[in-house]
Amino acid sequence: MNRRTVAALVINDLRQLARNPRVLVFAVALPLVLWPLMWFLTSLTTERRQERIESRTYTYAVADEAAEVAGAADTRTWLERALAVVGGDGPADGDEPTDGPAVRFERVEAPDDVAAALDEERLHVHVAWEAGGDEDVPAPRIVLSHRADLDASDSAEGFLRRALERTRTEVRERRLTDAGFASPPEDLLPLERIETASEEQTSGLLLGRLLTAIIVMMMLAGGSIVATDALAGEKERGTLETLLTTAASRVEIVTAKNLSILAVAFATSVLNIVNIVVWMQLDLIAPPAGMKLVIPVGAGLLLLLLYAPAAVLLSSSLLLVSGRSKTYKEAQLLFAPVMLVAMAVAAIPVLPGVELRSAIVLLPIANLGVAAREILTGTYDWPLLAAAWAVTGGAAALLARASLRTLSAEKLITASELDAADLAGGPALFPRRVARWFAALWALLLVWQLNIGGNIDSRLLISINMAIFGAAAWLMISRYRLPVRQTLSLRAPPARAWLGVLIGAPAGLMLADGVVRLASLAMPIPEAWIEAMAENMGVTLPLWQMLIFFSLMPALFEEVAFRGVLLHGLKDRLTTLQLVLVAGIAFGFFHVDLFRIPPTSLLGIFLVVTVIRSGSIFPAMAWHALHNALALGSARVEQIALPEQPIWWHYALAVLAILLAFRLMKRRTRAAFS
Amino acid sequence: MSTVQVEVQGLSKNFFDPSRGEVRAVQEVNFECRGSEIFGLLGANGAGKTTTLRTISTVLQPTAGTARVLGHDVVSDPVEVRRNLGFYSASTALYPRLTARETLTLFARVNKYPAERTRSRVEEMIERFGLGDYAGARIEKLSSGMKQKVSIARTVVHDPPVLIFDEPTVGLDVLNALDLQKAIQELRDDGKAILFSTHIMSEAERLCDRIAIIDKGRIRACDDLEGLRAATSQHYLEDIFVHYVTGNDTTA
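These protein sequence lines are chains A and B, in that order.
Numbering that gives the first Met the number 0 numbers the first residue of the first sequence as 0 and each following residue consecutively.
Numbering that gives the first Met the number 0 numbers the first residue of the second sequence as 0 and each following residue consecutively.
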């Protein structure tokens with residue numbers, strides 16, 4: 000990549016933007032004024048409304064029949080005391096308002112039609128008594144009528160109700176004392192709260208919940224200014240073809256466009272943040288209660304590093320949308336869903352109980368948001384921070400690659416919307432669609448597992464999961480008219496492959512144990528997880544049920560989906576090594592549980608190699624079933640736990656056994672997997 | 000004789016359309032273009048001229064066959080192809096908010112012209128194309144004639160040995176079209192290999208050293224004007240064109 004070329008392209012993009020006064024005013028300058036102004040006006044309006052509420056005179060009326068109701072004398076006294084607390088013209092007994100605003104209440108004649116009087120605001124609150132004494136209302140009570148949709152009526156009712164409740168407490172306590180209660184009632188079981196979190200931690204939690212959403216919003220707002228113009232605008236102006244016929248490579252163009260988007264997104268974000276801080280320093284706007292906009296330097300630098308892949312991910316998304324759009328307007332239209340999705344994901348840290356050490360670490364941007372929240376409260380979970388960074392970085396790399404491919408697409412220039420695969424459809428199109436299908440399937444499983452999965456019987460959970468895999472595989476095969484035998488590698492394997500399975504599966508299980516051990520150095524496995532895992536694996540079930548649900552069903556359905564359909568879709572687009580790693584690790588990621596990803600990824604890799612070497616899915620099914628059965632067996636005998644000390648030569652032997660197994664599986668007659 | 004700069008062999012390009020299915024836009028096209036030569040692709044609209052030139056400029060990928068620019072293959076070495084190429088067409092626009100000088104500097108840089116010579120080369124182009132009084136003005140403020148001069152200047156600013164002009168006079172008035180043709184002839188005289196496509200017979204007749212008549216994606220004939228006249232016994236290029244495209248003799 001030539002830095003001079005990239006720099007020239009970035010300068011060109013920024014120059015175009017800087018010389019577009021309309022964009023600068025509407026997309027940069029105006030938000031700088033409008034956001035804080037809206038904030039300021041909202042606080043000002045709230046303040047004014049509060050002042051108005053507290054300074055006005057409210058009207059109340061007391062029902063005429065009150066005098067006739069038994070016990071009304073007491074409650075009337077309560078009302079008078081309550082009015083004395085909040086202020087009013089009633090016959091007070093000398094009490095001064097104790098706390099809260101001293102609003103004024105003015106008694107008016109009780110109307111015949113209370114609802115109409117409230118509606119016309121001649122009356123704000125109406126007081127009546129109910130005698131009680133029956134099943135529904137055992138004791139006399141006060142009934143307040145008001146209009147919740149009218150500001151004054153609603154406020155009046157609130158003031159009066161709170162004052163009445165306070166009065167009731169006072170009266171109750173006085174009566175208890177009069178009845179000979181030993182100590183003052185307010186001294187009974189006093190409650191004291193002790194806050195162990197530091198002020199910085201409390202503030203950090205508040206800031207951490209919002210920080211990612213605010214940054215994502217600012218970056219998207221700023222980045223979209225350039226992104227719209229980046230490809231869609233160039234296409235519409237006719238400058239894209241000019242650019243594509245220069246010696247700038249596609250990588251240089253995409254890098255430059257991404258840098259331009261990032262530069263503007265970063266600059267506008269910084270401008271907005273500085274702008275808000277200045278307004279706060281001028282006391283024109285106030286931060287939310289309890290929140291301090293102070294981030295320690297170390298945490299700030301770490302956050303900057305953490306947000307870097309998120310920024311690339313966002314800019315690549317915007318660039319991708321811009322590249323897929325035919326016009327400037329279409330790009331602007333398509334940005335809306337991108338922004339909604341990004342904001343929804345970025346808002347996840349607001350949810351209570353979401354921790355980084357969970358499946359959320361696999362969700363780009365959301366994982367960085369939760370990580371940022373933990374950092375700001377002083378928790379540094381380094382392995383998970385690295386994992387979150389890597390996941391979002393990986394997603395950013397994939398999107399950057401997709402935007403690069405968009406730029407190389409002929410559709411950008413020609414009127415032709417299709418290519419050969421589009422036109423042919425079916426099997427020719429499937430390799431281009433397989434990643435989307437499995438991404439959607441992963442998202443479906445993630446949502447399902449996070450929300451429902453853990454709360455149902457493990458047999459039902461497995462059955463539903465397998466049904467999802469089976470249905471997805473069937474849908475893809477029928478939708479793209481895939482040849483079943485070829486897609487699922489339904490061929491007879493060499494006889495020696497079965498011996499390979501018998502050797503490989505136990506060895507693979509042992510190596511999976513080693514991988515879990517290695518991973519646990521970075522991510523210690525909690526005891527609670529091990530117990531839950533044992534429960535989920537059905538160690539309490541009869542053996543035949545365990546084998547059906549945890550060994551045979553996954554071996555059948557997961558192999559059809561992953562070593563059948565997924566492998567078939569990817570094989571022509573990747574080298575063998577890429578295929579093994581991508582298809583294998585993808586299988587691991589479908590075991591949404593964080594601690595299961597490393598060992599299941601390894602299993603996935605072994606199973607992919609098995610299909611490639613043997614040319615058949617059957618040995619992979621057998622391996623998978625045997626692997627799960629052995630894992631269940633060991634769980635049943637010993638419960639699930641890592642041995643005290645690893646025996647390293649066991650692992651070395653397992654590696655040799657795996658190599659032998661793969662050697663045995665190789666077909667001699669022809670290239671089996673092609 | 001000058002060396003071959005552009006070599007096209009068996010070049011085919013197919014498109015795919017939902018209603019028409021597979022469209023064979025260019026079929027097994029062969030030709031070569033040498034330095035100091037204007038090679039014309041003459042054809043009606045939709046004959047395959049632009050597709051051929053876009054494939055040579057690496058914007059489109061060939062379905063079959065090869066194209067080489069100075070020995071660099073358009074598929075395996077696209078950046079080197081584009082580095083040695085200047086592409087001009089009615090659809091290649093300029094950035095409206097850049098000045099003429101900034102435009103030329105940008106295209107010199109992105110085409111990897113040596114950094115130390117960029118400034119002098121840009122000034123040379125400004126002088127050569129008479130842009131001096133307007134070099135600091137934004138493109139959006141320039142007249143269409145001046146924009147066209149800037150376009151030609153940005154096409155040649157990195158001094159490429161091969162130039163492609165794809166229907167460059169479309170939409171230009173007569174005077175501007177003549178100016179452009181003059182500029183192309185001068186570039187030919189500078190030793191450039193020029194691929195020139197047009198559907199205007201008089202333009203091809205006036206400019207091209209050799210002409211390929213292209214119809215429905217295939218080259219029907221390829222020779223200099225005298226050779227075409229001799230082969231068809233027609234004098235005017237228009238008649239020669241009709242002869243090859245329709246198979247009819249238009250001589251009265």
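We treat Cβ as the ideally placed atom computed from N, Cα and C, and that holds for glycine.
What's the call for residue i, buried or exposed, on a 16-neighbour Cβ count within 10 Å?
i	result
W436/A	buried
I646/A	exposed
W128/A	buried
S150/B	buried
R82/B	buried
Does any C-beta atom of chain A lie closer than 9 Å to the C-beta of residue i?
i	result
H71/B	no
V149/B	no
N110/B	yes
L10/B	no
S119/B	no
R280/B	Coverage of chain B is limited to positions 0 through 251, which leaves residue 280/B absent and any answer about it impossible.
E101/B	yes
R23/B	no
H157/B	yes
R137/B	yes
R127/B	no
R153/B	yes
F240/B	no
Tell me whether residue i, by its Cβ, gets closer than 8 Å to a heavy atom of the ligand NAP.
i	result
S268/A	With respect to small molecules bound, the structure shown includes none, and the ligand NAP cannot be examined in it.
Along chain B, which residues have their Cβ under 9 Å away from the Cβ of residue i?
i	result
T238/A	T91, A92, L93, Y94 and P95
If you draw a straight line from the alpha carbon of residue i to that of residue j, how long is it in whole angstroms?
i	j	result
E172/A	E191/A	20 Å
T4/A	R21/A	28 Å
V682/A	E194/A	The requested residue 682/A is not part of the displayed model; chain A covers only 0 to 673.
D88/A	P110/A	Note that D88/A has pLDDT 49, beneath the 50 cutoff, so the model's placement of it is unreliable and no number is given.
L84/B	I604/A	47 Å
S142/B	R18/A	20 Å
L16/A	N274/A	21 Å
A676/A	E558/A	In this structure chain A extends from 0 to 673, so residue 676/A is not present and cannot be described.
A399/A	V311/A	8 Å
V169/B	V579/A	53 Å
E50/A	R146/A	20 Å
S550/A	N627/A	5 Å
E240/A	K234/A	8 Å
L322/A	V446/A	It is Gly, not Leu, that sits at residue 322/A in the sequence shown. Cα to Cα, G322/A sits roughly 30 Å from V446/A.
W77/A	R165/A	10 Å
E36/B	H71/B	19 Å
Beta-carbon of residue i versus every beta-carbon of chain B: anything under 9 Å?
i	result
E120/A	no
I639/A	For I639/A, the predicted model reports a pLDDT of 48, less than 50, meaning its position is unreliable; a value from the coordinates is still stated below. Not closer than 9 Å to any Cβ of chain B, the Cβ of I639/A fails to qualify, so no.
N257/A	no
L403/A	no
R572/A	no
R14/A	yes
E329/A	no
E251/A	yes
Chain B partners of residue i, CB-CB under 7 Å?
i	result
R18/A	R96
A247/A	V109
L243/A	V58
Since residue i meets chain A, which of its residues come closer than 7 Å, beta carbon to beta carbon?
i	result
L105/B	A7 and N11
A114/B	R3
V254/B	Nothing about residue 254/B can be reported from this structure: the residues present for chain B run from 0 to 251 only.
F86/B	T244
Answer with yes or no whether the minimum CB distance from residue i to chain C is below 9 Å.
i	result
I616/A	Absence of chain C from the displayed structure is noted, the protein chains being A and B.
**Study point:** beta strand (DSSP E) runs wholly inside the region 61–142 of chain B, at least 3 long, in chain order
**Key:** 63–68 and 84–88
Check your understanding: Residue ranges of each alpha helix (DSSP H) run of no fewer than 4 residues wholly in the region 181–224 of chain B, ordered along the chain?
Key -> 200–206
Exercise for review: Counting only runs of 3+ residues fully inside the region 8–47 of chain B, write out the beta strand (DSSP E) ranges in chain order.
Suggested key: 20–33 and 36–41
Exercise for review: Pick out the complete alpha helix (DSSP H) segments inside the region 338–414 of chain A, 4 residues or longer, and give them in chain order.
Suggested key: 365–375 and 381–407
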